[in-house]
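Sequential numbering from 706 applies to the sequence shown in the numbering used here.
Following: one structure in structure tokens, then a few remarks.
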Amino acid sequence: MICQLKKTLGSHLIPFDQVRTKEGIPTGWTELDQFLSWRGLPRGGLTLIVSPLGRGSTTLWSQTIIPLTQQQKWVVWVNSKNVELCPWSLYQKGVDFSRLLVVSSPANGKELLWVLQELLSLSLFEIIGCDLGDTLLHERDLLKLNRQARQFKTSLTFITTREFISSRSVYDLILKFDATHLKVARARHRPTPHFILRKPSYADIMPQLTKGSRILLCRKFSPT
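Structure (structure tokens):
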């Protein structure tokens with residue numbers, strides 16, 4: 706069937722490297738950036754990252770903003786009631802705090818929509834990150850945000866622990882973290898699903914660190 710389509714549409718088909726796509730913001734994760742047509746998170750589009758807590762979603766976003774802040778470009782993060790960025794972790798990674806704006810958690814979905822629309826309309830930020838927490842944005846709200854993101858060429862990234870993706874998703878990119886892999890569930894102009902082996906995160910090594918700390922403490926305080 707594919708051969709027949711190629712034969713029928715041959716004159717209209719173009720190689721992947723000639724497809725005109727949105728610009729991207731590199732994440733620093735080589736395997737992911739090389740797979741995506743934007744070579745990173747899409748600028749002027751919406752990204753959804755579905756991940757249990759501690760699997761690497763905020764780490765991925767943090768890694769993405771490091772070079773942006775070091776280039777004196779503005780980025781913004783919107784907190785949720787459950788998740789806030791760790792300043793010490795960002796400092797250790799080299800984020801320039803003078804170019805990072807952190808917004809307090811909106812009270813509800815309506816307020817979140819207003820906050821995001823205001824941030825986008827400023828046309829100041831390269832990327833906006835937002836942990837949705839328990840907030841649910843309706844499809845019509847996402848369409849509004851998508852139009853604004855495209856207009857102001859801003860990368861808008863949502864992080865959530867819940868899956869509520871419709872079949873008519875407005876997201877350009879959907880990533881899903883699990884214990885061992887990152888699944889690219891949706892990416893425009895690319896074959897999906899696509900799986901990338903995930904590197905261990907802080908949450909993965911915490912049990913080992915805790916166990917190791919206990920051993921060290923026992924050794925330190927045990928009678929000689």
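Glycine residues also receive a C-beta, built at the ideal position from the N, C-alpha and C atoms.
Because the structure is a prediction, the values reported are computed rather than measured.
Burial is judged here by how many other beta carbons sit within 10 angstroms of a residue's own beta carbon; G745 has at least 16 and is buried. Look at V820 here: in three-state DSSP terms it is helix. For R891, the enclosing beta strand (DSSP E) begins and ends at 886-892. As a beta-bridge residue in DSSP terms, W782 pairs with V807, G834.
Less than 9 Å divides the Cβ of C835 from the Cβ of I864.
Between I901 and L737, the C-beta spacing is below 9 Å. DSSP places K881 within a strand segment (E or B) once states are collapsed to three. Here DSSP, grouped into helix, strand and coil, assigns G745 to coil. When the five nearest sequence neighbours on each side are left out, the beta carbons in the same chain lying within less than 6 Å of the beta carbon of L817 are those of P811, T840, in order along the chain.
Judged by their CB atoms, F882 and V788 are not nearer to each other than the 9 Å cut-off. With 16 or more other Cβ atoms inside 10 Å of its own Cβ, Y876 counts as buried.
With a beta-carbon spacing of about 17 Å, S860 and E823 fall beyond the 8 Å limit used to define contacts. Considering only K904, Q797, L790, the residue with the shortest C-alpha distance to L887 is K904.
The residues V755, S756, P757, L758, in chain order, have a CB closer than 8 Å to that of T866 in the same chain once the five nearest residues on each side in sequence are set aside. In the same chain as Q777, and ignoring 5 residues on each side of it, the C-beta atoms closer than 8 Å to its own belong to D801, R804, in chain order. For F802, no beta strand (DSSP E) encloses it, and the DSSP letter there is neither H nor E.
When the five nearest sequence neighbours on each side are left out, the beta carbons in the same chain lying within less than 6 Å of the beta carbon of L753 are those of F863, Y876, I879, in order along the chain.
The C-beta distance from G749 to R895 rounds to 17 Å, too long to meet the 8 Å contact threshold.
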